[in-house]
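Everything below concerns the one structure shown next.
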Amino acid sequence: MTKKIYFFLVSLCCLSMGNSQITKEEVLKSLDSKYSAYTAIAQNIWKYAEMGYQEEKSSALLQKTLSDAGFSIKKGVAGMPTAFIAEYGSGAPVIAVLGEFDALPGLSQKAVSKKESLGAEAGHACGHHLFGTASTAAAIAVKDWLKNNKVKGTIRFYGCPAEEGGSGKVYMVRENLFNDVDIALHWHPNNQNAANAGAALANKSAKFRFYGVSAHAAASPEKGRSALDGVESMNMMVNMMREHIPQEARIHYVITDGGKAPNVVPDYAEVYYYARHNNRDVVIDIFNRITKAAEGAAIGTGTTMDFEMIGGTYELLPNLTVQKLMFENLTSVGGFTYTDEEKKFADEISKTLGLEKTDLKTVENIQPYQTEARAFGSTDVGDVSFAVPTAGLSTATWVPGTPAHSWQAVAAGGTSIGAKGMMVAAKTLALTAIDLFENEELIKNAKSELLERRGVDFKYIPLLGDRAPALNYRN
Ligand SMILES: [Zn+2]
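Per the numbering used here, residue 1 is the first one in the sequence shown, and the count goes up by one each step.
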């Protein structure tokens with residue numbers, strides 16, 4: 001028997017046992033072959049549209065998908081019933097893929113090109129249904145590769161609830177659930193394909209509650225003390241404060257309870273605040289000044305006040321060692337094209353955004369690599385990025401020009417445009433994880449970069465303190 005024939009027979013034999021070596025090409029092909037299955041999963045989560053810490057069905061669906069694929073599941077981690085960790089393999093290296101699945105309140109929308117509510121309480125205006133599904137798809141693809149190629153190491157999926165204001169990942173970091181992780185990978189739905197060194201603002205949020213005295217607002221107002229006056233006085237002081245904070249800072253609030261009827265002096269009022277800046281120390285300072293304004297408002301209006309920390313996240317720490325690899329893989333995967341039907345949908349959406357026509361190049365191409373990114377959002381991936389080297393990407397799951405947290409984002413996310421973008425992310429994450437399993441040196445370099453960027457004095461102090469997860473923050 002010649003060597004050639006021998007190898008042919010051996011590989012046939014391995015194939016029949018489902019154990020033959022698989023190439024990256026085959027990993028990509030296998031992801032393509034599961035397009036419909038993953039689209040169906042994302043569509044289900046899109047329809048569930050469950051808000052932070054209420055994502056029972058969404059979390060269960062991803063858990064089942066991973067468990068059916070051979071992952072072991074630990075659910076309810078870090079005191080959050082909808083958080084879970086799915087794992088395959090053993091030992092080092094441990095590569096983590098992060099997944100999210102929460103929706104945003106008040107943004108229910110059909111998958112159509114005009115604003116039309118689906119009649120639900122919430123909608124996937126940040127595309128987290130795609131986020132969770134693509135990361136699941138990537139984790140499973142990497143598992144198949146590990147198994148068939150008999151590679152040592154662990155692929156781990158982090159099911160992260162309540163990204164939108166609930167800071168789910170912060171509790172996972174606080175509980176040291178990333179301690180043995182070598183690299184963490186994530187992505188985010190967007191209006192373009194990019195894998196730049198991400199940026200995000202550190203953030204602290206809290207609900208300030210004022211307590212007054214009820215009375216008839218016309219007959220005996222002198223007996224009353226208005227909790228709403230407390231909220232309004234606080235807001236006025238904070239709005240004046242805007243002139244005296246670093247200009248890149250962001251402060252925003254909504255009055256979540258302003259009383260019930262004009263003829264009753266409100267004995268209770270609540271305002272929900274966010275403070276953000278790209279340096280967490282600035283956020284801490286601004287937040288402390290906001291609490292002083294709240295105290296002053298309570299004194300001046302004869303009310304009392306307390307506040308509950310809701311969320312707190314670090315800024316995003318880039319890791320260029322892994323980021324560069326992510327960019328190379330995104331470039332090799334490439335963007336995608338619209339069908340005629342998708343083009344028509346996109347053009348209609350573009351018009352609602354005040355754009356003449358859809359910029360198709362943005363969907364087809366990858367944005368040039370940038371190491372100096374600027375962004376004004378926040379993410380609890382920030383805390384993860386200070387714990388382990390972290391890199392991410394975004395794909396064009398939304399029609400170019402669409403802002404996050406808009407009905408247009410919900411709409412596109414419910415169509416094949418969202419699904420196609422999701423698959424670009426799944427492929428890029430899978431390729432990047434595989435590269436990391438194959439390159440010990442790269443992991444070492446990424447770790448040195450993390451230590452250097454964090455600084456020698458770094459000590460992790462969660463911005464939300466020692467509070468338990470705010471499981472009812474959306475109630
Ligand atoms: Zn998001």
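Cβ coordinates follow ideal geometry from the N, Cα and C atoms, glycine included.
For the alpha helix (DSSP H) that MET240 lies in, which residues bound it at each end?
-> Looking at the DSSP string, the run of the alpha helix (DSSP H) that includes MET240 is 227-241.
Distance, Cα to Cα, ALA419 vs LEU177?
-> So the two alpha carbons sit approximately 30 Å from each other.
For MET326, collect the residues of the same chain with a Cβ closer than 6 Å to its Cβ; drop the 5 residues on either side in sequence, then sort them by chain order.
-> The beta carbon of MET326 lies closer than 6 Å to those of ALA195, ALA391, LEU393, THR432 in the same chain, with the five residues before and after it left out.
To the nearest angstrom, report how far apart GLU441 and VAL388 are at their CA atoms.
-> C-alpha separation (whole angstroms): 16 Å.
Considering only residues of the same chain and omitting the five flanking positions on each side of THR154, which have a CB-CB separation below 8 Å?
-> Closer than 8 Å at the Cβ level, and outside the excluded window around THR154, lie GLU87, TYR88, GLY89, SER90, GLY91, ALA92, PRO93, VAL94, ILE95.
Can you tell me which of ILE251, VAL271, TYR314 puts its alpha carbon nearest to the alpha carbon of ASP281?
-> Ranking the options by Cα distance to ASP281, first place goes to TYR314.
Compare the C-alpha of LEU201 against each of ASP380, GLY123, VAL456, ALA430 and name the closest.
-> Ranking the options by Cα distance to LEU201, first place goes to ASP380.
Can you find a heavy atom of ligand 1 that lies under 7 Å from the Cβ of GLU163?
-> Yes, the beta carbon of GLU163 sits closer than 7 Å to at least one heavy atom of ligand 1.
For the alpha helix (DSSP H) containing ALA411, list its first residue and its last residue.
-> DSSP places ALA411 inside the alpha helix (DSSP H), whose first and last residues are 407-413.
Separation of ALA37 from TYR6, as counted between CA atoms | With a pLDDT of only 47 at TYR6, under the threshold of 50, the placement of this residue in the model should not be trusted; the figure read from the coordinates follows. Each residue's Cα considered, the two are about 37 Å apart.
Closest to PHE157 by CA distance: which of ALA141, GLN54, ASN190 is it?
-> Answer by Cα proximity: ALA141.
Beta-carbon contacts of ASP466 that lie in its chain and below 8 Å, excluding the five residues immediately before and after | Taken in chain order, the list of residues that qualify is empty.
Go ahead and label LYS4 buried or exposed: buried means 16 or more other beta carbons lie within 10 angstroms of its beta carbon, across all protein chains shown.
-> Caution is warranted here: a pLDDT of 49 is assigned to LYS4, below 50, making its placement in the model unreliable, and the coordinate value is therefore given only provisionally. Answer is exposed; the Cβ neighbour count stays below 16.
Hey, quick one: how far does the alpha helix (DSSP H) through HIS129 stretch, first residue to last?
-> Counting along the chain, the alpha helix (DSSP H) containing HIS129 begins and ends at 128-148.
Cross-strand partners of ARG276 (DSSP beta bridge) | Partner(s): ASN203, ARG250.
Closest to THR133 by CA distance: which of ASN439, THR362, GLY166, GLY413 is it?
-> Taking only the C-alpha atoms, the option nearest THR133 is GLY413.
Backbone CA spacing between GLY421 and HIS186 [nearest angstrom] = Cα-Cα distance, rounded: 14 Å.
For GLY123, which residues from the same chain have a beta carbon less than 7 Å from its beta carbon, with the 5 sequence-adjacent residues on both sides left out?
-> Excluding sequence positions up to five before and after GLY123, its CB lies within less than 7 Å of the CB of ALA49, ALA103, LEU104, LEU107, SER108, GLN109, VAL410, all in the same chain and listed in chain order.
Any idea if PHE131 is buried or exposed, counting beta-carbon neighbours within 10 angstroms, 16 or more meaning buried?
-> It is buried - the Cβ of PHE131 has at least 16 other Cβ atoms within 10 Å.
Out of LEU451, ALA138, PHE376, which has the shortest C-alpha to C-alpha gap to ILE251?
-> Nearest of LEU451, ALA138, PHE376 to ILE251, Cα basis: PHE376.
For PRO105, which three-state DSSP category applies?
-> Three-state result, PRO105: strand.
When you compare only the Cα positions, how much space is there between GLN370 and ALA430?
-> If I take the Cα positions, the gap works out to 22 Å.
So, helix, strand or coil for GLY354, using DSSP?
-> Looking at GLY354 - three-state DSSP - the assignment turns out to be coil, as it is neither helix nor strand.
Using a Cβ-Cβ cut-off of 8 Å, state whether PHE101 counts as contacting chain C.
-> The question asks about chain C, but that chain is absent: this structure has only one protein chain.
Nearest-angstrom Cβ-Cβ length linking GLY382 and LEU316, presumed shorter than 8 Å = By a beta-carbon distance limit of 8 Å, GLY382 contacts LEU316. Their separation comes to about 5 Å.
Helix or strand or just coil, what does DSSP make of PRO189?
-> In this structure, PRO189 counts as strand in the three-state DSSP scheme.
Sequence-distant residues of its chain with Cβ nearer than 7 Å to ALA294 (five each side left out) | Counting only Cβ-Cβ distances below 7 Å, and skipping sequence neighbours, we find PHE208, MET234, MET305, PHE307.
Leaving aside the five residues before and after LYS343 along the sequence, list all residues of the same chain whose C-beta is less than 8 Å from its C-beta, in chain order.
-> Within the same chain, LYS343 has close Cβ partners THR358, LEU360.
Helix, strand or coil: which one does DSSP assign to GLU164?
-> Helix, per DSSP.
At which residues does the alpha helix (DSSP H) containing LYS459 begin and terminate?
-> Boundaries for LYS459: no alpha helix (DSSP H) harbours it, and the DSSP string shows neither H nor E there.
One or two residues paired with ARG156 in a DSSP bridge | Residue pairing for ARG156: DSSP places it in a beta bridge opposite GLU87, ALA96.
Nearest-angstrom Cα separation, counted from GLN408 out to ASP285 = If you draw a straight line from the Cα of ASP285 to the Cα of GLN408, it comes to about 36 Å.
Let me know the secondary structure DSSP gives MET51 once reduced to three states.
-> Residue state, collapsed to three classes: strand.
DSSP state of VAL283 mapped onto helix, strand, coil = In the structure shown, VAL283 sits in a helix (DSSP, three-state: H, G or I).
Comparing alpha-carbon positions, which option in HIS405, THR428, PHE437 lies nearest GLY165?
-> In terms of CA proximity to GLY165, HIS405 leads the group HIS405, THR428, PHE437.
HIS188 to VAL254, Cα distance in whole Å?
-> Cα to Cα, the separation comes out at about 26 Å.
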